[in-house]
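J.:
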Amino acid sequence: MSKPNVTKHLIHWIGGAPVATAGSAPRRGDIFDPATGQVAGHVDFAGIAEVDQAVAAAASAFAEWRHASVAKRTTVLFNFRELLNARKDELAAIIVAEHGKVHSDALGEIARGQEVVEYACGIPQLIKGGFTEQASTGIDVYSIRQPLGPVAVISPFNFPAMVPMWFFPIAIAAGNTVVLKPSEKDPSAANFIAELWKEAGLPDGVFNVVHGDKVAVDRLLEHPDVKSVSFVGSTPIARYVYETGTRYGKRVQALGGAKNHMLVLPDADLDLSADAAINAGFGAAGERCMAVSVLVAVDPIGDELVEKIKQRMATLKVGPGCNGDSDMGPLVTGQHRDKVTSYVESGVADGAELAVDGRKHPIAAEDANGAPTADGFWLGPTLFDHVKPGMSVYNDEIFGPVLSVVRVASYDEGLELINANPYGNGTAIFTNDGGAARRFQHEVEVGMVGINVPIPVPVAYYSFGGWKASLFGDSHAYGPDGVQFFTRGKAVTQRWLDPSHGGINLGFPTNS
1 MSKPNVTKHL IHWIGGAPVA TAGSAPRRGD IFDPATGQVA GHVDFAGIAE VDQAVAAAAS
61 AFAEWRHASV AKRTTVLFNF RELLNARKDE LAAIIVAEHG KVHSDALGEI ARGQEVVEYA
121 CGIPQLIKGG FTEQASTGID VYSIRQPLGP VAVISPFNFP AMVPMWFFPI AIAAGNTVVL
181 KPSEKDPSAA NFIAELWKEA GLPDGVFNVV HGDKVAVDRL LEHPDVKSVS FVGSTPIARY
241 VYETGTRYGK RVQALGGAKN HMLVLPDADL DLSADAAINA GFGAAGERCM AVSVLVAVDP
301 IGDELVEKIK QRMATLKVGP GCNGDSDMGP LVTGQHRDKV TSYVESGVAD GAELAVDGRK
361 HPIAAEDANG APTADGFWLG PTLFDHVKPG MSVYNDEIFG PVLSVVRVAS YDEGLELINA
421 NPYGNGTAIF TNDGGAARRF QHEVEVGMVG INVPIPVPVA YYSFGGWKAS LFGDSHAYGP
481 DGVQFFTRGK AVTQRWLDPS HGGINLGFPT NS
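Numbered per the numbering used here, the sequence shown spans residues 1 to 512.
Below is the structure:
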């Protein structure tokens, strides 16, 4: 294989401009094309100096941005929304090239992130306080919400646009400034977004991007000027971020891993259930924290449902995300692909039935000359049946296109299985029985519940977050929780001894 022509070199975005890592030999990481397995570029890794520079830029910008009128902030938010809509295909292409997901899925990711931008455009309503006149004689009491200061966002590889947009639109709208540390696996989306913010009129330093690894993360967690940290990733790292950030006195919202169960009752429409299992299990190659990774079939429907899923899996076209007819792309890196493949091997060793082996799925990929090739980080959709708790394919968050089917004898057994799981991110029930669905949503110990909806990601005016080992801290992402997280309340008690009177001005009042 010939050596690829690597031209991409990604650097940080600090104070409204690109900034390279200092020194003659900075640490760097490879950026891969997951469909070919080739290195497509390099990204600078920030050291402490670059993180400090970004935080300093954010702190300096906060001095003015916090005083910008709500009307001005909203105007910038609207400008950003319009630019993102106009250039969403460009951003989707960047995501496809570095993450590997198909183009339609990348567009969907952007659309869901855009919902939070639109929610944040309503910040005048969202940060309104309360007012009590004459709480005591001549005394009024009211409440206000104010920004925190520079805040950090540490985001994962699986949604390089959507997950950061869970946080920074509300943070910026509320008057904070942001330092974003995206995943080093697919970092280019963050810089593209930074350029959109600048074009939208956001003052320099309000939105900054530093690339890197644990060095950058640790510095953000300990930096005295960073007031809060928002994180999405695996449970072990979420716990580390939460414990470290709070030890340094910061607000922290740390969203961890998942093992999402989909409970299918005997009365459910099995065709719709099979479709849902395919969509939720294999979309984005299973690299979603809300992916369905365990299907809980209440017998006697298990055999029929598994057969319907197998038939649909055979029709899935696995190929490069830039191909319009691909249903599923590659995994993000070769290392991650190998890790997921190891779970397939361990599932067989543990005694689960390998109903569909994704390692044998045909790959519809071509090289630059149009010749067929299977190079790249490929693994087809995989199905295990008769999985039991205790097997690694059941216990662990695999984060790949591996769906496990567990058979149970009753609703109660299925509910007990779900509630016993240490994760509590998302779950779903498929049934035509309203009473069973209502009982499930009341009894299940999971933060986000779908009723005949396989991926119950809340709309932007609700909040996203799980229970148990899927969330550290008491604040969910975006929605009302997001507004509370990125602001702090202040109560004011006032008394004026003398009335005052302004001058005469018959002009129509305007916001400024």
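C-beta: ideal position from N, C-alpha, C; glycine also.
1) Going along the chain, which residues of its own chain have a beta-carbon closer than 7 Å to the beta-carbon of residue 144, five neighbours each way excluded?
2) Tell me, please, which residues DSSP counts as bridged to residue 251.
3) Look at residue 229 and residue 252 and say whether their C-beta atoms are less than 8 Å apart.
4) Extract the residue ranges of the beta strand (DSSP E) inside the region 161-194, only unbroken runs of 3 or more that lie entirely within it.
5) What's the gap between the Cα of residue 50 and the Cα of residue 337?
6) Around the Cβ of residue 3, are there at least 16 other Cβ atoms within 10 angstroms (buried) or fewer (exposed)?
7) If we count the other Cβ atoms within 10 Å of its Cβ and call it buried at 16 or more, is residue 1 buried or exposed?
8) With DSSP run on the structure shown, which of helix, strand or coil describes residue 284?
9) Mind checking whether residue 123 and residue 73 have CB atoms under 8 Å apart?
10) Looking at C-beta atoms only, is the number of pairs between the region 250-265 and the region 177-196 that lie closer than 8 Å three or more?
11) When you compare the CB positions of residue 170 and residue 120, do they come within less than 8 Å of one another, or not?
12) Distance, Cα to Cα, residue 487 vs residue 423?
13) Per DSSP, residue 328 is paired with what?
14) Please report how far the alpha carbon of residue 55 lies from the alpha carbon of residue 206, in whole angstroms.
15) Which residue wins for smallest C-alpha separation from residue 464, given the options 471, 476 and 470?
16) Hey, how far is the Cα of residue 232 from the Cα of residue 360?
17) Grab me the residues of residue 324's own chain with a C-beta within less than 8 Å of its C-beta, minus the 5 sequence neighbours each way, in chain order.
18) For the alpha helix (DSSP H) containing residue 104, list its first residue and its last residue.
19) Classify residue 301 as helix, strand or coil using the three-state DSSP reduction.
20) Are residue 147 and residue 329 touching if we call contact CB-CB under 8 Å?
21) Exposed or buried, residue 407, counting other C-beta atoms within 10 Å across all chains shown (16 or more means buried)?
22) Would you call the region 297-317 in contact with the region 64-71, where contact means no fewer than 3 C-beta pairs closer than 8 Å?
23) Can you grab the Cα-Cα spacing for the pair residue 269 / residue 429, in whole Å?
24) Going by DSSP, what residues sit across from residue 464 in a beta bridge?
25) Can you round the beta-carbon distance between residue 15 and residue 260 to whole angstroms, since I take them to be within the 8 Å contact cut?
26) By the 10 Å Cβ neighbour count, where 16 or more other Cβ atoms means buried, how is residue 497 classified, buried or exposed?
27) With distance defined between alpha-carbon atoms, name the residue in 203, 108 and 458 nearest to residue 448.
28) Please state whether the Cβ-Cβ distance between residue 76 and residue 202 is less than 8 Å.
29) How many whole angstroms separate the CB atoms of residue 98 and residue 186, which I take to be in contact at a CB cut-off of 8 Å?
30) Can you tell me whether residue 183 is buried or exposed? The criterion is at least 16 other CB atoms within 10 Å of its CB, across all chains shown.
31) Excluding the five sequence neighbours on either side, which residues of its own chain have a C-beta within less than 6 Å of the C-beta of residue 375, listed in chain order?
32) Give the straight-line distance between the Cα atoms of residue 388 and residue 351, rounded to the nearest whole angstrom.
33) Measure the Cβ-Cβ separation of residue 392 and residue 326 and say whether it is below 8 Å.
34) Is residue 506 helix, strand or coil when you go by DSSP?
35) Indicate the three-state DSSP secondary structure (helix, strand or coil) for residue 345 in the structure shown.
36) The alpha helix (DSSP H) that contains residue 443, what's its start and end?
T.: Short version:
1) Sequence index remark: in the sequence shown, residue 144 carries index 144 (1-based). Once the five neighbours on either side are set aside, the close Cβ partners of residue 144 are 129, 490 and 492.
2) As a position in the sequence shown, residue 251 is number 251, starting the count at 1. Paired residues: 228.
3) As a position in the sequence shown, residue 229 is number 229, starting the count at 1. As a position in the sequence shown, residue 252 is number 252, starting the count at 1. Yes, they are a contact pair.
4) 177-181
5) Numbered from its first residue, the sequence shown carries residue 50 at position 50. Numbered from its first residue, the sequence shown carries residue 337 at position 337. C-alpha separation (whole angstroms): 32 Å.
6) One-based indexing of the sequence shown puts residue 3 at position 3. The predicted model places residue 3 with a pLDDT of 39, which falls under 50 and marks its position as unreliable, so this point remains unresolved.
7) By one-based count along the sequence shown, residue 1 stands at place 1. Annotation note: pLDDT 31 at residue 1 (below 50); position unreliable, no value reported.
8) Taking the first residue of the sequence shown as position 1, residue 284 is located at position 284. Residue 284: helix per DSSP, three-state reduction.
9) Reading the sequence shown from its first residue, position 123 is the one you call residue 123. Reading the sequence shown from its first residue, position 73 is the one you call residue 73. Yes. Within cutoff.
10) no
11) For the purposes of this step, residue 170 is taken as residue 170 along the sequence shown, with counting starting at 1. For the purposes of this step, residue 120 is taken as residue 120 along the sequence shown, with counting starting at 1. In contact: residue 170 and residue 120 (Cβ atoms closer than 8 Å).
12) By 1-based counting over the sequence shown, the position of residue 487 is 487. By 1-based counting over the sequence shown, the position of residue 423 is 423. Their Cα atoms are separated by approximately 29 Å.
13) To locate residue 328, count along the sequence shown from 1; it is residue 328. Paired residues: 318.
14) Stepping through the sequence shown from its first residue, residue 55 is reached at position 55. Stepping through the sequence shown from its first residue, residue 206 is reached at position 206. C-alpha separation (whole angstroms): 10 Å.
15) Counted from its first residue, the sequence shown places residue 464 at position 464. Answer by Cα proximity: 476.
16) Walking along the sequence shown from the start, residue 232 turns up at place 232. Walking along the sequence shown from the start, residue 360 turns up at place 360. Distance between the alpha carbons of residue 232 and residue 360 is about 32 Å.
17) Within the sequence shown, numbered from 1, the residue matching residue 324 stands at position 324. For residue 324, where only same-chain residues beyond five positions count, the Cβ hits under 8 Å are 103.
18) For the purposes of this step, residue 104 is taken as residue 104 along the sequence shown, with counting starting at 1. From DSSP, the alpha helix (DSSP H) with residue 104 extends over 103-120.
19) Position 301 of the sequence shown holds residue 301. Correct three-state label for residue 301: coil.
20) What you label residue 147 is simply residue 147 of the sequence shown in a count that begins at 1. What you label residue 329 is simply residue 329 of the sequence shown in a count that begins at 1. Cβ atoms of residue 147 and residue 329: not closer than 8 Å.
21) Translated into the one-based positions of the sequence shown, residue 407 becomes position 407. By the neighbour-count rule (16 or more Cβ atoms within 10 Å), residue 407 is buried.
22) no
23) Your numbering for residue 269 matches position 269 in the sequence shown. Your numbering for residue 429 matches position 429 in the sequence shown. Cα-Cα distance, rounded: 12 Å.
24) Along the sequence shown, read from residue 1 onward, the residue named residue 464 stands at position 464. 477.
25) Start at 1 with the first residue of the sequence shown, and residue 15 comes out as number 15. Start at 1 with the first residue of the sequence shown, and residue 260 comes out as number 260. Contact doesn't hold; Cβ gap of about 40 Å is too wide.
26) Start at 1 with the first residue of the sequence shown, and residue 497 comes out as number 497. By the neighbour-count rule (16 or more Cβ atoms within 10 Å), residue 497 is not buried but exposed.
27) Translated into the one-based positions of the sequence shown, residue 448 becomes position 448. Of the candidates 203, 108 and 458, the one whose C-alpha sits nearest the C-alpha of residue 448 is 458.
28) One-based indexing of the sequence shown puts residue 76 at position 76. One-based indexing of the sequence shown puts residue 202 at position 202. Their beta carbons are under 8 Å apart, which means residue 76 touches residue 202 by this criterion.
29) As a first step, residue 98 must be located in the sequence shown, where it is residue number 98. As a first step, residue 186 must be located in the sequence shown, where it is residue number 186. So it is a contact: roughly 4 Å between Cβ atoms.
30) For this step, residue 183 is matched to residue 183 along the sequence shown. Per the 10 Å Cβ criterion, buried.
31) Within the sequence shown, numbered from 1, the residue matching residue 375 stands at position 375. Hits under 6 Å: 36 and 37.
32) Against the sequence shown, residue 388 aligns to sequence position 388. Against the sequence shown, residue 351 aligns to sequence position 351. When rounded, the distance between both Cα atoms is 9 Å.
33) Along the sequence shown, one-based indexing puts residue 392 at 392. Along the sequence shown, one-based indexing puts residue 326 at 326. No, the pair does not count as a contact, with Cβ atoms beyond the cut-off.
34) Counting from one through the sequence shown, the residue named residue 506 turns up at place 506. Three-state result, residue 506: coil.
35) Within the sequence shown, the letter at position 345 stands for residue 345. Helix.
36) For the purposes of this step, residue 443 is taken as the residue at position 443 of the sequence shown. Its alpha helix (DSSP H) spans residues 434-443.
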